[in-house]
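Following: one structure in structure tokens, then a few remarks.
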Amino acid sequence: MPTLTARTMITAIGTVEYPVIEVDSGGLITDISSDASIRSEAILTPTFLDVHIHGAAGHDVMDCSPAGLGQVQRFLARRGTGHYLPTTVTASVDDTLRALEALAGAIERPTPGDEATPIGIHLEGPFLSHAKRGVHLPELLQQPSIPLFERFQQAARGHIQLMTVAPELPGALEMIGFATAHGVRVSLGHTNATAAEATAGIGAGATSATHMFNAMRAMDHREPGVAAVVLDDQDLYAELICDGIHVAPAMVRLWLRLKGERAILMTDGISATGMPDGPYTLAGVPITVADGKASVTCAPGTLAGSVLTMDRAVSNLCEFTACGLETAVRAASSQPAAMLGVGDTVGSLRVGQAANFNEYSTDGRRMATYLCGQRLG
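Taken in order, the sequence shown gives residues 15 to 391; the numbers are from the numbering used here.
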């Protein structure tokens with residue numbers, strides 16, 4: 015296997031100057047050292063971990079075949095994503111169970127070397143607020159239910175790692191506590207929660223917030239609401255869609271300033287990601303994509319996911335906030351891994367991890383992606 019070198023390597027906790035990375039035949043990092051004689055100008059970073067994505071390349075993870083999911087994963091890998099959580103959308107219980115079973119199969123199958131690896135499932139819906147449902151169909155939303163969650167997790171064969179919940183719903187706190195006790199991270203989202211209701215959700219075990227500011231009660235100086243609680247809580251992680259459409263740059267700057275090492279970039283990407291403008295569907299809901307914006311066809315003001323990629327999210331964060339590449343990369347790799355509790359195996363570039371790198375130029379352009387030490391063509 016090749017020895018990789020660069021001018022700088024960005025890790026979860028710092029940077030390594032003039033790194034020399036040894037990779038074994040299985041694609042794992044066996045040693046990281048430094049050699050000041052290296053003349054490379056490249057910057058190596060971890061590949062990205064997208065914890066919230068519904069599809070890409072014309073395929074929706076709710077209903078695509080193994081071949082279709084492979085196309086999604088190849089698309090993601092060629093845009094710098096090494097790992098991801100395929101994310102559900104509210105559907106009928108039977109359709110959700112079928113999707114979870116299929117996604118569990120994808121997680122359990124070996125992933126080809128040129129594809130992003132699914133490492134768990136993000137269950138977004140059906141335990142969401144009618145007032146902040148977004149694209150999720152109202153007739154399919156469900157009240158939080160521990161037995162229903164257990165049915166979903168059984169169908170997923172234990173692979174649900176993250177679940178979005180509106181904490182103000184009846185039964186939500188009990189379900190959050192149950193899921194957390196069984197190793198599932200819970201994210202507050204699609205919620206009209208007051209500050210007190212959001213605080214109760216965090217007290218029950220929630221560790222993150224889903225697509226910050228979107229499908230979420232707005233802040234008010236007398237009733238701060240869930241958004242203010244999320245920004246104020248130093249321990250809570252918070253996702254953000256950094257496409258310049260979902261969240262204005264000034265709010266992106268506020269989010270990054272307040273969340274810091276708890277900031278998480280994600281895409282909320284749908285099947286239209288990487289495809290031309292036109293009509294698409296998201297879990298059966300008609301979507302129109304025009305000028306980079308995905309919206310519900312019958313309600314043009316309602317956004318329906320995005321067509322963002324993680325490499326673009328990283329570059330946008332650098333542009334919108336003037337932060338360094340290392341800050342943006344960590345928000346797209348080691349910080350989501352820490353939120354999920356998988357930092358020992360994903361996203362931090364340490365001995366024993368897969369040699370999954372993105373290569374950047376000195377001016378911040380992603381030049382190449384390596385999976386298990388092999389440069390993707």
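Every residue, glycine too, gets a C-beta built ideally from N, C-alpha and C.
Values in this document were obtained by computation on a predicted structure and should not be read as measured data.
With contacts defined as CB atoms closer than 8 Å, residue 93 and residue 280 fail to qualify as a contacting pair. Per the DSSP secondary-structure output, residue 388 pairs in a beta bridge with 385. With contact defined as three or more Cβ pairs closer than 8 Å, the region 156-166 and the region 117-131 are not in contact. In this structure, the beta-carbon distance from residue 43 to residue 369 falls below 8 Å. For the pair residue 32 and residue 24, the Cα-to-Cα distance works out to about 11 Å. Per DSSP, the unbroken alpha helix (DSSP H) holding residue 194 starts and ends at 186-195. In the DSSP annotation of this structure, the continuous segment of the beta strand (DSSP E) that includes residue 175 starts and ends at 174-179. Fully contained in the region 76-139 are the following beta strand (DSSP E) runs of length 3 or more, in chain order: 95-100 and 135-138.
Taking a contact to require three or more Cβ pairs closer than 8 Å, the region 73-88 and the region 136-153 do not qualify as touching.
Classified as exposed, residue 274 has fewer than 16 neighbouring CB atoms from the shown chains inside 10 Å of its CB.
Its Cα nearest to that of residue 131, the residue 62 stands out among 292, 179, 206 and 62.
For residue 150 and residue 67, the gap between their C-alpha atoms comes out near 15 Å. Sequence-distant partners of residue 84 (beyond 5 residues in either direction) whose C-beta falls short of 8 Å from its own C-beta, in its chain, are 126 and 129.
In chain order, 209 place their CB closer than 7 Å to the CB of residue 238, counting only its own chain and leaving out the 5 sequence neighbours on each side.
Distance between residue 116 and residue 97, taken at the CA atoms: about 18 Å.
Around the CB of residue 78, 16 or more other CB atoms lie within 10 Å, so the residue is classed as buried. Out of 194, 212, 170 and 152, the CA that lies nearest to the CA of residue 180 is found in 212.
Around the CB of residue 248, fewer than 16 other CB atoms lie within 10 Å, so the residue is classed as exposed. For residue 176 against residue 217, the beta-carbon gap comes to about 19 Å, at or over 8 Å, which does not count as contact. Assigned with DSSP and collapsed to three states, residue 234 falls in coil, not helix or strand. When only Cα atoms are considered, residue 162 and residue 16 end up about 48 Å apart. Residue 300 is classed as exposed because its beta carbon has fewer than 16 other beta carbons within 10 Å across all chains shown. In the structure shown, residue 330 falls within a helical segment according to DSSP collapsed to helix, strand and coil.
For residue 29 and residue 107, the gap between their C-alpha atoms comes out near 46 Å.
Straight-line spacing of the CA atoms in residue 333 and residue 271 works out to 15 Å.
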